[in-house]
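Engineer:
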Amino acid sequence: MTKKMIILLNLILLTGCWNYRELNDLAIVSALSIEIVEDEFLIGAQIMNAQKSGTSNGSAEASSNTPVIVYKFKGKSIHEALRKMTTESPKNLYLGHISMIMIDDKVAKEGFKDVADFLIRDHETRKQFKVMIIRNKSANQGLTILSHLEALPSQENLDILNTASNYYGNVTSVSFDEFLSFIYAEGVEPVMPYADLEGDIDEGMKKESTEQTVPKSFLRFKGLGVFKQDKLVGYFNDLESLAYNLIVGNVKSTIIPFKCDTESYASIEIVRYEPNLKVEIKNNNKPFVKINITGDTHQSEINCDIDMESLEGRNKISKLANDEVEKIIRSAIEIAKEKYTSDIFGFGRYLYRYNYKYWEENKENWDQLFKNIDYEVNSNLTLVKKGSTLNSVKGATNNEK
Amino acid sequence: MVEISKNANDVVQYIKQTLDNPPDLIIKDFNIKKKKVFLLAIETMANSTYISDFILEYFSFDIEEKKEKNFFKFLYHNIPTFKTNKLSKVDEIIYNLLSGFTIILIDGYQLAISIETKEKLNSDIVETINERSTLGPKDGFTENYQTNIGLIRKRLKTSDLKIKEAIIGKLGKSKVAMIYLDSFVKKEIVDEVYNKIKNINIDVIFDVQQIIDLITENKKNTFPNYISTERPDNVSSLLLTGRIAIVLENVSYVAIIPITLLDILQNVEDRYTRPINASFNRIIRFLAFLITILTPAIYVAMTTYNHETIPPKLLVSFSTQRSGVPFATIIEALLMIITFEILKETDARSPNTFTNSLTIVGALVLGEAAVNAGIVSPIMVIVIAITSISGLIITYLDIANGVRLWRLIFLLGSSLAGFMGILIVGFIFITNISCIKSFGTPFLSGVAPYYKNIIEDSLLLSFKNKFTRMVQRKIINPKKFGDEND
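In order, the protein sequence lines correspond to chains A and B.
Residue numbering for the first sequence follows the working numbering, starting at 16 and increasing by one per position.
Residue numbering for the second sequence follows the working numbering, starting at 451 and increasing by one per position.
1. Kindly say whether E37 of chain A, judged by its beta-carbon, lies nearer than 8 Å to any beta-carbon of chain B.
2. From the beta carbon of F736 of chain B, is the nearest beta carbon of chain A less than 8 Å away?
3. Quick one: which unbroken beta strand (DSSP E) runs of 3-plus residues sit fully inside the segment 575 to 658 of chain B? Chain order, please.
4. Under 8 Å by Cβ, that's how I've got E218 of chain A and S232 of chain A pegged, so tell me the actual separation to the nearest angstrom.
5. Taking 8 Å as the threshold (C-beta atoms), are R364 of chain A and G202 of chain A in contact?
6. Who are the Cβ neighbours of S256 of chain A in its own chain at under 6 Å, not counting the five residues just before and after it?
7. Excluding the 5 residues flanking A179 of chain A on each side, which residues of the same chain have their C-beta closer than 8 Å to its C-beta?
8. Listing by chain order, which chain A residues have their CB less than 7 Å from the CB of A778 of chain B?
9. Give the residues of chain A in contact with Y644 of chain B, contact being defined as C-beta atoms less than 8 Å apart.
10. One question on the structure: do V654 of chain B and L621 of chain B come within less than 8 Å of each other, judged by their Cβ atoms?
11. Give the interface partners of K669 of chain B over in chain A, defined as CB-CB distance under 8 Å, in chain order.
12. R799 of chain B lies in the alpha helix (DSSP H); which residues open and close that run?
13. To be precise: take each residue of the segment 100 to 130 of chain A, compare its Cβ to all Cβ atoms of chain B, and keep it if any distance is under 7 Å. Which residues remain?
14. Please list the residues of the segment 41 to 53 of chain A that have a C-beta atom closer than 8 Å to any C-beta atom in chain B, keeping them in chain order.
15. Helix or strand or just coil, what does DSSP make of N25 of chain A?
16. Check whether the Cβ atoms of Y398 of chain B and V875 of chain B lie closer than 8 Å to each other.
17. Thinking just about the alpha-carbon of each residue, which of A:H313, A:N377, A:Q61 and A:I332 is nearest to the one in G402 of chain A?
18. Excluding the 5 residues preceding and the 5 following L396 of chain A in the sequence, name in chain order all residues of the same chain whose CB lies nearer than 8 Å to its CB.
19. In chain order, what residues of the same chain have a beta carbon less than 7 Å from the beta carbon of S169 of chain A, not counting five sequence neighbours either side?
20. DSSP three-state label for Q560 of chain B, please.
21. CB I84 of chain A to CB N107 of chain A, shorter than 8 Å?
22. R150 of chain A and A210 of chain A: beta carbons closer than 8 Å?
23. Within 8 Å (strictly less), CB to CB, does Q170 of chain A reach chain B?
24. To which residues does DSSP link A496 of chain B through a beta bridge?
25. Can you confirm whether E782 of chain B, when its beta carbon is compared against all beta carbons of chain A, has any partner nearer than 8 Å?
26. Assuming V704 of chain B and N598 of chain B form a contact by the criterion Cβ under 8 Å, report the distance between their Cβ atoms to the nearest whole angstrom.
27. Counting C-beta neighbours from all protein chains within 10 Å, is the total for M20 of chain A 16 or more, i.e. buried, or is it exposed?
28. Can you list, in chain order, the stretches of the beta strand (DSSP E) that have 3 or more residues and sit fully within the segment 99 to 172 of chain A?
29. Got a sec, what are the start and stop residues for the alpha helix (DSSP H) N260 of chain A sits in?
30. Which residues in chain A sit within 9 Å of P746 of chain B, going by Cβ to Cβ distance?
31. For V643 of chain B versus I665 of chain B, is the C-beta spacing smaller than 8 Å?
32. In three-state terms, what does DSSP make of G240 of chain A?
33. Give a yes or no on whether 8 Å exceeds the smallest Cβ distance from Y749 of chain B to chain A.
34. Below 8 Å, can you find three or more Cβ-Cβ pairs linking the segment 519 to 533 of chain B to the segment 541 to 548 of chain B?
35. How long is the line joining the alpha carbons of L134 of chain A and K142 of chain A, rounded to whole angstroms?
36. To be precise: take each residue of the segment 370 to 392 of chain A, compare its Cβ to all Cβ atoms of chain B, and keep it if any distance is under 7 Å. Which residues remain?
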């Protein structure tokens, strides 16, 4: 019995430990940037700085160094470039906690498939990290900008992305696996949020830049990049991106400003809404798209003289708001149709799902059909709350008590 | 037989039979005026000095000379005691007897006299030390054998309560009593255990634990097959579920057999609070049981193998705290666990006067200095602290020791293969504890074999207006109580 136990124990203890790595021996990568320079990959890795301040005392506060360190390496493959970083980094790179991948305009235009294989094949990376484009600068510069309100820049970018998509709606967070599935899905094209780097980037990577009230440089999300297959074909601006999100139903809450008389503006807040997309086949064997938007809005601001006490006034302002929503949605569809010919809204996917026969016959020339597609937009948002006051401050008169 | 018969001897025999001839039943008979008079009392409940001084002494007077015709009436009115009752039913006699009254039966009368001779069982009973009581009764078992049995009897005044006595120890000759409720207990267990106890061959016995060890065949189990408690209310409530209590002379603990895992996670005080709050307590206790076994293992697995399970924000913090610590996480963990165990053991063994200095040194060494010196990381201190605090929720020392052993085995498993290791050790753990049998009852009873009612009652106290102990009797004797609730 004892003999058996010794043999058994040795079997366990002498084989070593599979995949044993102490946490402090890892360089935890929080974000990656991927560019292609002269037919080689240029990889930037943002590494969380988990160094203790000082050497003698054991307090667990983070060091006074910057919260992240960025390494940059070229390689024929992405993995090679990452491994080369060990010539600079004292710890091996750990990719399990990547939260974001930044690519530049060029990679996006040449095709995302070129860089996707390593990320999907590697066993360490989770596939739920977000993807984004740095439009006006090189992607690795996006990694160098320090965060202002969060501890880690990658976390801050992620939070900005989520907050903007929840409360404004000009971007939507797209994860790596979602993006890939959109590339391969039939009848729909992917989008990817893009950001511009603004300010003095060389200053933004210094710690001093976070010690002032106005950051020297920052990363600002501008909208969505429109793809055709895996290739970027163009960018949507703020309103167009918002329109895209309204059509596909990504928006949780947003503000729509609109003109209420010749020079002043009013705005509504959409608090709950439901888009309804339908693609019908007309007699001439052409698809016809019907977009119906219903939901509740709050009147959030009126800067012109409209009598909100009367039904006509409320109807008027409600109609103006609905007209504005219809207008921005139309303009986004026009641009997607005419300029990019990319069916990002998933009209084709609707047919694929609900009229498969038609889709099978026409998927070869769907681009042509999409380019000339007819559509109709109906916005039926209901004004449910007028806010704490009735008439606008401007429109209030003296005889109203 | 409900009425008292004229033949006093018959009544006495009947009482003897009903109570299963308990060793503490005293029967004294003498003849007065040519009539047979019986005096009955329960030794453990009645005050013997009182009986001798007032009752027997009165009998020794020359009652014969009194010219009373109705002897019963005379006795009833003239016996010099504070409280005298006239009884006409045998059930009343038994109840009075078990409450500590002395019964006088006279041949030829269909009545009995009961005289209060209650022993003051609360005299030198002290508060429990290890199992503290917040809401329940504060009395605990003492070193007095009679008192201990009395404390249980006091709570269960029923003829169903049986006591079997044996004397063990060739030199020590200690009295051992097995107490159980006859209608709830499984007879086979009682007979088997009683035979084993009678056949124990030892010179002196000091503790109940020794008895259990001597009558248990498989001693390799990490978890004990009994619990020892110092609270009489706990014992009484467990007796109601069909357990057997073993009381040993000169020991202030009473052992309960058989037991299950679910008993360990329960506390008799759960019955004294509102069900919804008590249910919360039970869930907390169950969580603490898991936490105390698994926390160090999970921490080691997370930081050395399965980094992807740590939330990103926590990862930096963990990594920062680990940086500068020279040892592997597993060494760090073992260091802290061993230090804590040493501290605990020292605290338990050292005289009370040292406790303060121990606390200071312990707090400083474990909390501050070790971290500042860079020997352990602050997070490890937290992990061990959570583990230890959760461990203290288990008040039964033997169980706590079993838990401690398994904690180390889990730690070893996780240090070899991360979560995979925890899983493997988990299988071994479950296999092991499901093999334990406590005197014929599986340790996991309720869970395996599965009884829905018992699980519900163990975690969430029943809100129904029903004595849920009935459910639990099934654990010990499923055949007998099987149909009761299904």
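Glycine included, each C-beta is placed from N, C-alpha and C at the ideal position.
Structural biologist: Per the coordinate set shown:
1. Closer than 8 Å to some Cβ of chain B, the Cβ of E37 of chain A qualifies, so yes.
2. no
3. 611 to 618 and 624 to 631
4. 6 Å
5. A contact, by the Cβ cut-off of 8 Å.
6. N185, G238 and L239
7. N185, V186 and F236
8. E37
9. Here the premise fails: no neighbours, minimum Cβ distance about 34 Å.
10. yes
11. By Cβ distance, chain A contributes nothing, its closest Cβ being about 15 Å from K669 of chain B, past 8 Å.
12. T779 to R799
13. Y109, G111, H112 and S114
14. L41, I43 and S45
15. helix
16. Residue 398 of chain B cannot be examined here, being either before or after the span of chain B that is shown, 451 to 936.
17. A:H313
18. Excluding the 5 residues flanking it on each side, L396 of chain A has same chain C-beta neighbours closer than 8 Å at I283, I285, Y288, I308, T309, G310, D311, T312, S333, A336, N337 and V340, in chain order.
19. S45, A46, Q61, S114 and M115
20. In the three-state scheme derived from DSSP, where H, G and I count as helix and E and B as strand, Q560 of chain B is classed as coil.
21. no
22. yes
23. yes
24. B:K568
25. no
26. That pair is a contact at about 7 Å.
27. M20 of chain A should be labelled exposed.
28. 107 to 109, 115 to 119 and 145 to 149
29. Its alpha helix (DSSP H) spans residues D253 to V263.
30. Chain A residues near P746 of chain B: none, gap ~15 Å exceeds 9 Å.
31. Yes, these two residues count as a Cβ contact at 8 Å.
32. It is a strand residue.
33. Y749 of chain B does not count as touching chain A.
34. By the Cβ criterion, the segment 519 to 533 of chain B is not in contact with the segment 541 to 548 of chain B, since fewer than three pairs of Cβ atoms, one from each stretch, lie closer than 8 Å.
35. 8 Å
36. none
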